[in-house]
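Working notes, structure below.
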Ligand code: GUN
């Protein structure tokens, strides 16, 4: 059996097109959604992500402003910038690219963002709303995974067994919450889980998000399962290559023979994250401007 490929690139492009159409409509009414992306330091991967966020927000017709700060930025200066962005009526979404360099404290920084502008969905108010089914902004990567799951399996996921591997605030925990909300039976596995392979074999939906290249093997996967691979790992370059290949947390060549559907890496979950960020920015702008 060869799994169906879940084309995140195409799904994200379609979502961005729908967002751009809505941005054009609200802009005609005088509201141009504004996104501020804050990057502290010079982490090369973060620089690439921030450039993409900036560019795609502009392509969708939004105002997009990146603030690039040196790695030694004092916390007080960063908090001051966040306060100014909170107060700026032209900015509807604020995102601080993670991780932030030490000794900056991620929790303090996220906690300073106005929850109504927290387009990452990481502020405790939004995390709480996710947990109780309130009207918050949802974290982008888990939202994107849910969209891909529904595109693949249909709107009704109720009763399916889902396994999320990883328990990060950015991905694992909110993903588990969204799956519970969709009436799945959810297990969260992590570094202390005993017999991970066995847990995987029970899952109709498998969502690895741990950053371990090709950790999930083909024979761990239930035949016909849907695999949403959130891992994005760069391998060491092969001789003659400048950059190593990007691979997921799943051994793709093995998994594709067993799964019913699977996301490739790259071109699966990654593009959905930015599309969902733009979706959150549009939502925040519409809520702010009534
Ligand atoms: N770093 C990796 N992914 C993300 C994300 O979705 N949001 C933020 N703010 N930082 C990240």
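Residue numbers (our numbering): 2 to 291.
From the three backbone atoms N, C-alpha and C, an ideal C-beta is built for every residue, glycine too.
Keep in mind the model is a prediction, meaning the values are calculated, not measured.
Item: Among 201, 16, 26, 281, the one whose alpha carbon lies nearest that of residue 222; Value: 201
Item: N- and C-terminal bounds of the alpha helix (DSSP H) containing residue 142; Value: 141-154
Item: Cα-Cα separation between residue 55 and residue 35, rounded to whole angstroms; Value: 11 Å
Item: Bridge-paired residues (DSSP) for residue 65; Value: 36
Item: Residue 7 versus residue 46: straight-line alpha-carbon distance, rounded; Value: 24 Å
Item: Any chain C beta carbon closer than 9 Å to residue 189; Value: Among the chains of the structure shown, chain C does not appear; only one protein chain is present.
Item: Cβ shell of residue 144 (< 6 Å), same chain only, five flanking positions each side left out; Value: 277
Item: Contact check, residue 95 vs residue 61, beta carbons under 9 Å; Value: no
Item: Contacting residues, own chain, Cβ-Cβ under 6 Å from residue 216 (five flanking each side not counted); Value: 250
Item: Selection from 290, 291, 71, 15 that minimises the alpha carbon distance to residue 152; Value: 15
Item: Stretch pair the stretch 270-286 + the stretch 111-127: three plus CB contacts closer than 8 Å; Value: yes
Item: Residue 292 vs residue 33 beta-carbon contact at 9 Å; Value: Lying outside 2 to 291, the shown extent of the chain, residue 292 is not represented and no answer is given.
Item: Three-state secondary structure (DSSP) of residue 9; Value: helix
Item: Where residue 135 falls: helix, strand or coil (DSSP); Value: coil
Item: Coarse secondary structure for residue 52, derived from DSSP in three states; Value: helix
Item: Beta carbon of residue 209 nearer than 9 Å to that of residue 232; Value: yes
Item: Under 6 Å, CB to nearest heavy atom of the ligand GUN: contacting residues; Value: 96, 97, 98, 99, 121, 141, 142, 171, 274
Item: The stretch 128-135 in contact with the stretch 148-166 per 3-pair CB rule at 8 Å; Value: no
Item: Burial state of residue 98, where buried means 16 or more other Cβ atoms lie within 10 Å; Value: buried
Item: Residues of its chain near residue 11, where Cβ-Cβ distance is below 8 Å and the 5 sequence neighbours each way are ignored; Value: none
Item: Residue 49 and residue 69 closer than 9 Å at C-beta; Value: no
Item: CB of residue 185 within 9 Å of CB of residue 218, strictly; Value: no
Item: Residue 83 beta carbon less than 9 Å from that of residue 38; Value: no
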